[in-house]
Amino acid sequence: GAVVSQHPSWVICKSGTSVKIECRSLDFQATTMFWYRQFPKQSLMLMATSNEGSKATYEQGVEKDKFLINHASLTLSTLTVTSAHPEDSSFYICSPYRVDTGELFFGEGSRLTVL
Amino acid sequence: DAKTTQPTSMDCAEGRAANLPCNHSTISGNEYVYWYRQIHSQGPQYIIHGLKNNETNEMASLIITEDRKSSTLILPHATLRDTAVYYCIVRVPGYSTLTFGKGTMLLVSP
Chain E
4 GAVVSQHPSW VICKSGTSVK IECRSLDFQA TTMFWYRQFP KQSLMLMATS
54 NEGSKATYEQ GVEKDKFLIN HASLTLSTLT VTSAHPEDSS FYICSPYRVD
104 TGELFFGEGS RLTVL
Chain D
6 DAKTTQPTSM DCAEGRAANL PCNHSTISGN EYVYWYRQIH SQGPQYIIHG
56 LKNNETNEMA SLIITEDRKS STLILPHATL RDTAVYYCIV RVPGYSTLTF
106 GKGTMLLVSP
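Chains as they are written, first to last, in our numbering: chain E, 4 to 118; chain D, 6 to 115.
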C-alpha cells in the first residue's frame, strides 16, 4: 500500500526558533498536500492546502508568514513553523492526495513542543 | 462537506462487535460516507467508505440506511488495539479535503 513518511515524529524547541516538518509520499505522486494541526483533546483542523509548484492556500486564522509551506516536488512537502511560540505546540499532520487513484493518505504526525 | 453527528464515546468488551452509529441527514447524492480512526498520537487511518450499498473489508463493515441519512460502522470482533477515536465524514471523492468532527471515542476493555 501507499506509504507516507512524516518526520520528525516529535520535536522540542525553544521559543523563537524555527522548526521544519517534512512529509514524503514514498511510492506515489501527491499533487496536493493538506496540512492539519490538532490541539490536545480536539479534532484535526485544516491549516492549509498546497499544490505542487504553487503557493499554498491558508485557512482563516492561520498565518501564512508563520507557517511556511513548500511543495516543490510531487513527493515532498515541508511545513516550517517560524519563530515558534508555546501556543504553536500541537500535533501537525500531513495528508497527501494521490491524484491517480483519488485517495487521501495521512502521515503519522509530528508533535511539536515549544518551551 | 455535510455535517455528521456521532456519540461522544462508546465502550465495548474485547471480542464483541462494536457498532458505531453516525447521522448524516443532510448528505447529498454524490457524497460518500467515509470512516477513519485515530489511535492516540498517530495520524488518521482509513477504514472504509461507501455510497449507498453496504460495504465490507478486512477491517470493518459499513451499513448505510436506504435513505442514506445514517450509517453504522461495525468492527466484528473488537480488540484492545481498536481503542481509538472514530470519525465519520461525508465527502465527494476526489480532490477535496476531509472535515473532521469530534468523532466517537471507542474504548475496548478486556
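C-beta: ideal position from N, C-alpha, C; glycine also.
- Between E:Ile-96 and chain D, the shortest Cβ-Cβ separation is below 7 Å.
- E:Lys-67 and D:Ile-94 have their C-alpha atoms roughly 27 Å apart.
- For the set E:Leu-107, E:Phe-94, E:Ser-98 and E:Thr-83, the Cα lying nearest the Cα of E:Gly-19 is the one of E:Thr-83.
- Leaving aside the five residues that flank E:His-74 on each side, the residues in its chain whose CB is nearer than 6 Å to its CB run, in chain order, Met-36, Ser-53, Glu-55 and Ser-80.
- In the three-state scheme derived from DSSP, where H, G and I count as helix and E and B as strand, E:Pro-99 is classed as strand.
- Contiguous beta strand (DSSP E) elements confined to the segment 46 to 85 of chain D occur at 50 to 55, 66 to 69 and 75 to 80, taking only those with 3 or more residues.
- The alpha-carbon of D:Gln-47 is positioned some 5 Å away from that of E:Glu-111.
- Secondary structure in the segment 5 to 29 of chain E: the beta strand (DSSP E) runs of 3 residues or longer, each lying completely within the stretch, are 7 to 10, 13 to 16 and 22 to 28 in chain order.
- Contact of D:Lys-107 with chain E by beta-carbon distance below 9 Å involves Gln-45 and Ser-46.
- A straight-line Cα-Cα distance of about 4 Å links D:Thr-77 and D:Pro-26.
- Neighbourhood of E:Gly-112 in chain D, by CB distance below 8 Å: Ser-46, Gln-47 and Gly-48, in chain order.
- Taken in chain order, the unbroken stretches of beta strand (DSSP E) that lie wholly in the segment 25 to 57 of chain E and span 3 residues or more are 33 to 41 and 48 to 54.
- The segment 78 to 98 of chain D makes contact with the segment 26 to 44 of chain D: 3 or more CB pairs, one atom from each, lie closer than 8 Å.
- Following the DSSP letters along the chain, one finds D:Asn-24 inside the beta strand (DSSP E) bounded by residues 23 to 28.
- Taking 8 Å as the upper bound for CB-CB distance, E:Phe-109 and E:Ser-93 are not in contact here, some 16 Å apart.
- Beta-bridge partners assigned by DSSP to D:Ile-32: none are found.
- At a C-beta separation below 7 Å, D:Pro-98 has these neighbours in chain E: Gly-105.
- By the beta-carbon neighbour count (other beta carbons within 10 angstroms, threshold 16), D:Thr-9 is buried.
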